[in-house]
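Using our numbering, you'd call the opening residue of the sequence shown number 16 and step up by one each time.
For reference, the structure discussed in these notes is given below.
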Amino acid sequence: MTVHTATPFDGAPVAPEQVWYASYGSNMHMDRLAAYLVGGTLPGATRTYPGCRDRRAPERSLAVELAGRLYFATESPVWTGGRAFYDPTAPGRTRGRAHLVTIGQLSDIAAQEMYKEPGTDLDLTVVLREGRHEVGPGRYETLICPGAIEGVPVLTFTAPWTLRDVDTTVPSAAYLRHLAGGLLESGSWEERHIADYLAASPGAAGSWTARQVLRLLTADVRP
16 MTVHTATPFD GAPVAPEQVW YASYGSNMHM DRLAAYLVGG TLPGATRTYP GCRDRRAPER
76 SLAVELAGRL YFATESPVWT GGRAFYDPTA PGRTRGRAHL VTIGQLSDIA AQEMYKEPGT
136 DLDLTVVLRE GRHEVGPGRY ETLICPGAIE GVPVLTFTAP WTLRDVDTTV PSAAYLRHLA
196 GGLLESGSWE ERHIADYLAA SPGAAGSWTA RQVLRLLTAD VRP
């Protein structure tokens, strides 16, 4: 399948009804994304998600590559080990999946990532104009817009810091397996290429080999 890239806007961007939510972390996996959309508790997890106001599935999902670098930092209480973050200023390419959702759905997903109650739409004026907007100080409260796909804005969220500013953290086996599964589910990358990509990402690099990550795709590993 085709891997899409974001291109600059043709003219001044306007507030859209839909956006591409580019996930580079656990929401690449459709089952995980469904927990944010519909609500509920995933198997093996303890957290209950309230879900979005609009609980429809994404209209479409595409494989994407964004300019910048995936890295792992801080500590996830769900997965243990490092969380995935995206640094658009670092050299490299970040693989992910772009889900076509409404602004309300994107806003509610972002709220749940920060353990907040969904219900308030994000103001996208600044991020569409400048490509970046720190909505708050939280680890996933910085909006990034790297461009558009098919004329529709691509948006993701990450930390306000950069890769250079933070100590990286080794991700857990369960988390890496989940990320690998989400990329594999897109149908755009082979298993060995996914393993190479994740094993080379800061935080995983030096602690995980591509061969070890590849084995996770067939291992019984749970969070």
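Beta carbons are placed, not taken as given, at the ideal position from N, Cα and C, and that holds for glycine.
Would you report the Cα separation of TYR86 and ALA99, rounded to the nearest angstrom?
Taking the sequence shown and counting its residues from 1, one reaches residue 86 at position 71. Taking the sequence shown and counting its residues from 1, one reaches residue 99 at position 84. Whole-angstrom Cα-Cα distance: 6 angstroms.
Report buried or exposed for THR63, applying the criterion of at least 16 other Cβ atoms within 10 angstroms of its Cβ.
The residue you call residue 63 lines up with position 48 of the sequence shown. With fewer than 16 Cβ atoms within 10 Å of its Cβ, THR63 is classed as exposed.
Touching by the beta-carbon criterion (3+ pairs, under 8 angstroms), the region 177–195 and the region 136–148
no
Simplified DSSP state of GLU145, which is helix, strand or coil:
Within the sequence shown, residue 145 is the residue found at index 130, counting from 1. Three-state DSSP puts GLU145 in a helix.
How is GLY55 classed by DSSP in three states: helix, strand or coil?
For this step, residue 55 is matched to residue 40 along the sequence shown. DSSP places GLY55 in strand when its eight states are reduced to three.
Where the beta strand (DSSP E) through ARG110 begins and ends
Translated into the one-based positions of the sequence shown, residue 110 becomes position 95. Note, ARG110: beta strand (DSSP E), 108–117.
Go to ARG84, then tell me how far its beta strand (DSSP E) extends in each direction, as first and last residue.
Counted from its first residue, the sequence shown places residue 84 at position 69. Its beta strand (DSSP E) spans residues 84–88.
LEU143 and ALA240 - do their beta-carbons sit closer together than 7 angstroms?
Any answer about residue 240 is impossible in this case: the structure gives the chain only from 16 up to 238.
Check PRO238 in the structure and name its three-state DSSP category.
Counting from 1 along the sequence shown, the entry for residue 238 is found at position 223. Since pLDDT at PRO238 reaches only 47, below the 50 mark, its modelled position is unreliable, and no value is offered.
Identify whether HIS44 lies in helix, strand or coil by the three-state DSSP scheme.
Position 29 of the sequence shown, counted from the first residue, corresponds to residue 44. Of the three classes helix, strand and coil, the one that applies to HIS44 here is coil, per DSSP.
Based on DSSP bridge pairs, tell me the residues matched to HIS19.
Position 4 of the sequence shown, counting from 1, holds the residue named residue 19. Partner(s): VAL79.
Taking contact to mean 3 or more Cβ pairs, one atom from each stretch, closer than 8 angstroms, check whether the region 77–84 and the region 220–232 are in contact.
no
What do you reckon, are the CB atoms on PRO65 and GLY83 nearer than 7 angstroms?
In the sequence shown, counting from the first residue as 1, residue 65 sits at position 50. In the sequence shown, counting from the first residue as 1, residue 83 sits at position 68. Contact: no.
For THR171 and THR95, the rounded distance between their alpha carbons:
As a working note, residue 95 is residue 80 in the sequence shown. As a working note, residue 171 is residue 156 in the sequence shown. Going from the Cα of THR95 to the Cα of THR171 covers about 23 angstroms.
Is GLU200 close to chain D? Criterion is C-beta to C-beta, closer than 7 angstroms.
Of the protein chains in this structure there is only one, and it is not chain D.
Which class does VAL228 belong to by DSSP, given the choice of helix, strand or coil?
What you label residue 228 is simply residue 213 of the sequence shown in a count that begins at 1. Here VAL228 sits in helix by DSSP.
How do the region 110–125 and the region 35–51 stand: do at least 3 beta-carbon pairs fall below 8 angstroms, yes or no?
yes
Just to confirm before moving on: does the CB-CB distance between HIS19 and ILE124 stay below 7 angstroms?
As a first step, residue 19 must be located in the sequence shown, where it is residue number 4. As a first step, residue 124 must be located in the sequence shown, where it is residue number 109. Not in contact: HIS19 and ILE124 (Cβ atoms no closer than 7 angstroms).
If I measure Cβ to Cβ from PRO238 and keep anything under 8 angstroms in the same chain, skipping five residues before and after, which residues do I get?
Translated into positions along the sequence shown, residue 238 becomes position 223. Here the model assigns PRO238 a pLDDT of 47, short of 50, so the residue's position is not dependable, and the following value carries that caveat. GLY59, ALA60, VAL93, TRP94, THR95, SER187, ALA189, TYR190 and HIS193, listed in sequence order.
Buried or exposed by the 16-neighbour rule on C-beta atoms within 10 Å, applied to GLU205
Position 190 of the sequence shown, counted from the start, is the residue given in the question as residue 205. Exposed is the call here.
Compare the Cα-Cα distances from THR89 to each of ASP69, GLY119, ALA174 and THR157 and report the closest residue.
For the purposes of this step, residue 89 is identified with residue 74 of the sequence shown, where counting begins at 1. The shortest C-alpha separation from THR89 is found at ALA174.
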